[in-house]
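Below: one structure, written as structure tokens.
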Amino acid sequence: MAPSAVEIAVPVAKTIDSTDSRKEADELKSPASPLPEVKIFDAASATVEDLVDAITVAGGVVIRNVLSQDELANLERDIRPELEKDTAWGDGDFFPAETRRAFGLVTKSKTFADRIFGHPLWTGVTDALLTSTLKHNWIGDKNELSVSRPQLNNTIVFSINPGARDQALHRDDAIHHIYHPAAAKHEIGRDAGVGFFVAGKRTTKRNGATRFIPGSHLWDYAAGPPEETQTFYAELEPGDGFMVLSGCFHGGSANKTDQPDENGEIHPEERLVYSTFMTRGWLRQEENQYLINPVEKVRELPEWMQEKVGYGLSRPFLGWVNLKSAMEWLHPNRGRRTGDLCDEYCPNCDNHFVIDAVTPKAALKVESEDTRMDARMLKDERVRQPEQRTIFDVREAAEKLG
Numbered sequence: 232m233a234p235s236a237v238e239i240a241v242p243v244a245k246t247i248d249s250t251d252s253r254k255e256a257d258e259l260k261s262p263a264s265p266l267p268e269v270k271i272f273d274a275a276s277a278t279v280e281d282l283v284d285a286i287t288v289a290g291g292v293v294i295r296n297v298l299s300q301d302e303l304a305n306l307e308r309d310i311r312p313e314l315e316k317d318t319a320w321g322d323g324d325f326f327p328a329e330t331r332r333a334f335g336l337v338t339k340s341k342t343f344a345d346r347i348f349g350h351p352l353w354t355g356v357t358d359a360l361l362t363s364t365l366k367h368n369w370i371g372d373k374n375e376l377s378v379s380r381p382q383l384n385n386t387i388v389f390s391i392n393p394g395a396r397d398q399a400l401h402r403d404d405a406i407h408h409i410y411h412p413a414a415a416k417h418e419i420g421r422d423a424g425v426g427f428f429v430a431g432k433r434t435t436k437r438n439g440a441t442r443f444i445p446g447s448h449l450w451d452y453a454a455g456p457p458e459e460t461q462t463f464y465a466e467l468e469p470g471d472g473f474m475v476l477s478g479c480f481h482g483g484s485a486n487k488t489d490q491p492d493e494n495g496e497i498h499p500e501e502r503l504v505y506s507t508f509m510t511r512g513w514l515r516q517e518e519n520q521y522l523i524n525p526v527e528k529v530r531e532l533p534e535w536m537q538e539k540v541g542y543g544l545s546r547p548f549l550g551w552v553n554l555k556s557a558m559e560w561l562h563p564n565r566g567r568r569t570g571d572l573c574d575e576y577c578p579n580c581d582n583h584f585v586i587d588a589v590t591p592k593a594a595l596k597v598e599s600e601d602t603r604m605d606a607r608m609l610k611d612e613r614v615r616q617p618e619q620r621t622i623f624d625v626r627e628a629a630e631k632l633g
């Protein structure tokens with residue numbers, strides 16, 4: 232049975248009343264489980280929490296009106312020349328011969344960098360799902376909490392032309408050798424990556440819309456092969472987006488617009504989709520961002536974006552250059568800033584929060600741990616919630632305790 236989609240403005244919490252329903256909710260998910268509904272939101276009204284709640288249940292979520300028509304025109308103007316440079320890889324490869332691709336998009340299109348890679352809903356969802364917190368890291372008598380934020384995994388634009396076959400259903404987290412047993416429900420920390428597809432042109436089942444199996448992120452990874460009858464087609468209008476967990480079975484679909492439609496007419500269509508994936512800060516990136524993106528172009532990006540491309544440190548000290556943050560290498564004349572790696576262990580700077588095991592400070596808890604946001608991000612008023620305390624607030628309280 233094919234899954235269904237429900238278009239809503241705000242998700243409505245479902246109350247589980249019966250014992251049977253509770254039992255079903257606690258059962259490990261498998262290919263035999265009922266397929267969850269795929270929720271649909273509008274970018275103007277959706278919140279990060281809406282999207283996270285939806286994607287953790289179904290594995291994917293559709294967002295309408297992510298980009299405007301002007302932004303789509305700018306994207307195509309920037310990237311079409313790159314697509315025209317690509318050639319067929321051969322029909323025996325992972326991509327059908329009718330596919331054209333372009334890569335390294337954060338430095339090829341400012342619109343892509345700002346409005347897809349840097350879209351606030353996208354960065355919010357990936358920060359929530361892919362941030363890792365190391366809570367127990369004893370260095371002598373100090374326990375240092377470290378937060379590793381997500382980084383860019385890849386950027387690809389796909390042009391799927393008439394005659395292209397189905398891409399085989401697959402899980403993208405296979406690149407990181409991920410195996411998960413079956414789970415009854417999603418828990419933060421399970422995912423190695425998340426993907427974001429934005430339609431440059433109308434995307435339909437007939438012209439090759441991305442299809443995926445809702446709920447397959449919770450199955451035992453040994454269960455297979457995936458069944459095509461369980462797929463949901465993410466049909467999108469130009470500017471719409473689709474987010475999917477890398478643990479879900481998915482694939483591009485056949486472009487059948489070279490064949491007669493229900494009216495016996497042939498109307499060839501290109502499926503044009505812009506995509507990016509994010510992964511955890513301590514996993515190897517699928518696309519080598521340091522070779523595909525010219526350094527001089529990377530320097531033109533905002534610094535927070537440079538960090539997400541991969542030049543930021545994965546705490547506590549992964550990704551340094553000469554024992555310094557790669558951001559210092561990228562900006563040799565700017566001087567050290569908050570977030571750069573320190574030359575030595577320094578509990579009084581903004582780069583660390585140390586819970587002292589001897590003093591009463593040990594009893595303090597960093598409330599931001601559960602939000603999976605690091606201290607600098609919470610310090611930024613753009614994303615900090617009113618009820619959240621940051622480690623800077625906690626430090627002040629600790630000082631008052633003496």
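First residue of the sequence shown? That's 232 in my numbering, and the numbers climb one at a time after it. We put the CB at the ideal spot given by N, CA and C, even for glycine. From a predicted model like this one, the values you see are computed outputs, not experimental measurements.
Cβ distance (whole Å) where residue i is taken to contact residue j below 8 Å
| i | j | result |
| --- | --- | --- |
| Thr441 | Phe473 | 6 Å |
| Trp353 | Phe427 | 5 Å |
| Val288 | Pro267 | 5 Å |
| Ala453 | Lys260 | With 8 Å as the limit, Ala453 and Lys260 do not qualify as a contact, their Cβ atoms being about 14 Å apart. |
| Arg380 | Thr362 | 5 Å |
| Asp372 | Pro412 | Asp372 to Pro412, Cβ: 38 Å. No contact. |
| Pro393 | Thr488 | 5 Å |
Backbone secondary structure at residue i - three-state DSSP
| i | result |
| --- | --- |
| Asp273 | strand |
| Lys260 | coil |
| Tyr464 | strand |
| Thr662 | There is no way to answer for residue 662, as the model of the chain reaches only from 232 to 633. |
| Thr602 | Caution applies to Thr602, whose pLDDT of 34 falls short of 50 and renders its modelled position unreliable; the model cannot decide the point. |
| Ala588 | At Ala588, the pLDDT of 34 sits below 50, so the modelled position is not reliable; the number obtained from the coordinates is stated separately. It is coil, neither helix nor strand. |
| His583 | Only weak support exists for where His583 lies, its pLDDT of 38 falling under 50; the coordinates are left without a value. |
| Arg346 | helix |
| Lys610 | Confidence in Lys610 is poor, its pLDDT being 32 and thus under 50, which makes the residue's placement too unreliable to answer from. |
| Gly482 | strand |
| Tyr410 | coil |
| Trp560 | helix |
| Asp574 | Because Asp574 sits at a pLDDT of 40, beneath the cut-off of 50, its placement in the model cannot be relied upon, and the point is left open. |
| His401 | strand |
| Trp450 | coil |
| Val337 | helix |
| Val297 | coil |
| Thr357 | helix |
| Leu352 | helix |
Residue i: first and last residue of the uninterrupted beta strand (DSSP E) it sits in
| i | result |
| --- | --- |
| Val279 | That residue, Val279, is in no beta strand (DSSP E); its alpha helix (DSSP H) goes Val279 to Ala289. |
| Thr364 | Ser363 to Leu365 |
| Gly472 | Gly472 to Leu476 |
| Leu266 | Neither: Leu266 is in no beta strand (DSSP E) and is coded neither H nor E. |
| Tyr505 | Arg502 to Thr510 |
C-beta contact flag for residue i and residue j at 8 Å
| i | j | result |
| --- | --- | --- |
| Val269 | Pro445 | yes |
| Phe326 | Val504 | no |
| Thr507 | Thr386 | yes |
| Lys339 | Glu313 | yes |
| Thr462 | Asn384 | no |
| Arg332 | Asp317 | yes |
| Gly482 | His408 | no |
| Gly355 | Val293 | no |
| Ala395 | Glu329 | yes |
| Glu458 | Pro262 | yes |
| Arg502 | Thr434 | yes |
| Leu360 | Val425 | yes |
| Leu544 | Trp513 | no |
Continuous alpha helix (DSSP H) stretch holding residue i: start and end
| i | result |
| --- | --- |
| Gly426 | No alpha helix (DSSP H) contains Gly426, which is instead part of the beta strand (DSSP E) from Gly424 to Ala430. |
| Lys373 | Run containing Lys373: none in the alpha helix (DSSP H); it sits in the beta strand (DSSP E), Lys373 to Glu375. |
| Asn305 | Gln300 to Lys316 |
| Val529 | Val526 to Val529 |
| Ile523 | Gln520 to Ile523 |
| Gln382 | It is not in any alpha helix (DSSP H) - Gln382 instead sits in the beta strand (DSSP E) that spans Gln382 to Ile391. |
| Gln490 | Neither: Gln490 is in no alpha helix (DSSP H) and is coded neither H nor E. |
| Trp535 | Glu534 to Gln537 |
Member of the options whose CA lies at the smallest distance from the CA of residue i
| i | options | result |
| --- | --- | --- |
| Glu466 | Ala453, Ala430, Asp273 and Pro456 | Ala430 |
| Leu306 | Val529, Val475, Pro469 and Leu360 | Pro469 |
| Gln516 | Ala414, Ala423 and Asp492 | Ala423 |
| Ile419 | Pro265, Gly290, Val552 and Ile271 | Gly290 |
| Pro525 | Thr462, Ile347, Phe334 and Pro457 | Phe334 |
| Pro499 | Glu518, Lys539, His448 and Arg437 | Arg437 |
| Glu518 | Leu360, Ala359, Leu532 and Val540 | Val540 |
| Arg421 | Gly478, Ala399, Ile406 and Phe443 | Gly478 |
| Val337 | Asp471, Glu538 and Lys555 | Glu538 |
| Ala485 | Gly439, Tyr542, Glu527 and Ser447 | Gly439 |
| Ala319 | Ile391, Glu531 and Gly550 | Ile391 |
| Ala285 | Leu476, Asp403, Ser556 and Tyr542 | Leu476 |
| Leu449 | Tyr410, Pro563 and Leu303 | Tyr410 |
| Glu531 | Leu522, Lys555 and Leu561 | Leu561 |
| Asp397 | Tyr464, Asn368 and Ile370 | Tyr464 |
| Gln382 | Gly455, Ala399 and Asp358 | Asp358 |
| Lys432 | Glu315, Phe443, His417 and Asp471 | Asp471 |
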